[in-house]
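Here the structure is laid out as structure tokens; the discussion comes afterwards.
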Amino acid sequence: MQRISKFDVWLLALSSNSAIPSHVRKEVLASVSIICWEILKERCNAFFSHFPPDPRIVLRKSKSYHIWVAGFKIFPHLGLAGSNHY
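Set out below in structure tokens:
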């Protein structure tokens with residue numbers, strides 16, 4: 430099996446670092462997951478539509494996710510904060 434460079438080491442160290450509060454680790458891991466997902470989606474879109482990938486799309490979608498999450502932290506009465514609904 431081929432080893433993934435240092436990203437996997439960093440991610441494992443982050444997820445198991447007890448010096449970082451659990452809620453912070455969860456937020457960072459969620460952010461990393463969303464960004465990786467958006468990168469993968471853009472790469473697939475570029476491949477199937479025969480256009481070069483556009484990193485600005487990934488940045489815009491990632492930022493909108495963070496704004497959405499921040500909104501629910503500031504206004505938890507809006508609904509989804511703390512629930513299992515997506």
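Numbered according to our numbering, the sequence shown terminates at residue 515, and the numbering increases by one at each position without gaps.
We treat Cβ as the ideally placed atom computed from N, Cα and C, and that holds for glycine.
Fair warning: this is a prediction, and the values are worked out from it, not measured in the lab.
Using a Cβ-Cβ cut-off of 7 Å (strictly less than) and excluding sequence neighbours within five positions of residue i, which residues of its own chain qualify?
i, result
"Tyr494", "Ile463"
"Ser512", "Note that Ser512 has pLDDT 43, beneath the 50 cutoff, so the model's placement of it is unreliable and the number below is only indicative. Nothing meets the Cβ criterion."
"Ala475", "Pro481 and Pro482"
Measure the Cβ-Cβ separation of residue i and residue j and say whether it is below 8 Å.
i, j, result
"Pro482", "Glu467", "no"
"Ser454", "Leu443", "The question names Ser, but residue 454 in the sequence shown is Arg. In this structure, Leu443 lies closer than 8 Å to Arg454 by Cβ."
In three-state terms, what does DSSP make of residue i?
i, result
"Ala475", "helix"
"Ser447", "coil"
"Pro484", "helix"
"Lys435", "coil"
Skipping 5 residues on each side, what residues in its chain have a beta carbon closer than 6 Å to that of residue i?
i, result
"His479", "none"
"Lys490", "Glu467"
Give me, in chain order, the residues of the same chain whose beta-carbon lies closer than 8 Å to that of residue i; leave out the 5 immediate sequence neighbours on both sides.
i, result
"Leu488", "none"
"Phe436", "none"
Would residue i be called buried (16 or more neighbouring beta carbons within 10 Å of its own) or exposed?
i, result
"Asn446", "exposed"
Thinking C-alpha only, which one of the options is nearest residue i?
i, options, result
"Ile496", "Phe476, Ser460 and Phe477", "Ser460"
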